[in-house]
Each structure stands twice: as C-alpha cells, then as structure tokens.
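First residue of the sequence shown: 116, per our numbering; consecutive thereafter. One structure is given here, and the rest of the page talks about it.
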Amino acid sequence: TVLGIMMTFHTMGTSGTMAVNTIMIGLSLALKATAVGLLVAIPCVVMNNVLRRRVAELLTTYRTQHGT
C-alpha cells in the first residue's frame, strides 16, 4: 500500500503533471495491495485464535487430569 502511494507521488513529481490517469493507476495498485494483505491477514488471525483456544482447552484438560 505504502509503495503504491509512493510510486504515485514519485511519478507525479518526476512528470511534473497531475494527470488523473496517473493518480488512479497508483492508487488502484495501493488498494489492491491492501485487499491482498487483508485476504492473508484475516484468516491468519482467525486460525491463531482457534489454535490458542484449543491449546488453552488442552492445557486445562491436562491440568485437571494430572492435578497440576
């Protein structure tokens, strides 16, 4: 996301023009990067929570059975 926005500003600065076409291309790349990042991050966070809960359940069961 940050790289897409940086590329947009760099292109605008080097070309000296503020063409809407140039701005939209850079911003669309930034938004695509954000979407892909969310598609990766959200399932990872969900799985992390599921696994942490399962570990907590297993530890509780173990401690109950073994008295520790």
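From the three backbone atoms N, C-alpha and C, an ideal C-beta is built for every residue, glycine too.
Quick one: is Gly-131 buried, meaning 16 or more other Cβ sit within 10 Å of its Cβ, or exposed? Looking at its Cβ environment, which holds fewer than 16 other Cβ atoms inside 10 Å, Gly-131 is exposed.
N- and C-terminal bounds of the alpha helix (DSSP H) containing Ala-171: Per DSSP, Ala-171 is one residue of the alpha helix (DSSP H) stretching across 135-181.
For Leu-144, which of Val-155, Arg-168, Leu-118, Leu-153 has the nearest alpha-carbon? Per the Cα distances, Leu-118.
State the Cα-Cα distance for the pair Met-162 and Met-133, rounded to the nearest angstrom. Within the model, the alpha-carbon separation for Met-162 versus Met-133 is close to 44 Å.
Buried or exposed: where does Thr-123 fall if 16 or more other Cβ atoms within 10 Å of its Cβ makes it buried? Classification for Thr-123: buried.
Determine the extent of the alpha helix (DSSP H) in which Thr-123 is found, giving its start and end residues. It spans 117-130 - the alpha helix (DSSP H) in which Thr-123 sits, taken as one unbroken run.
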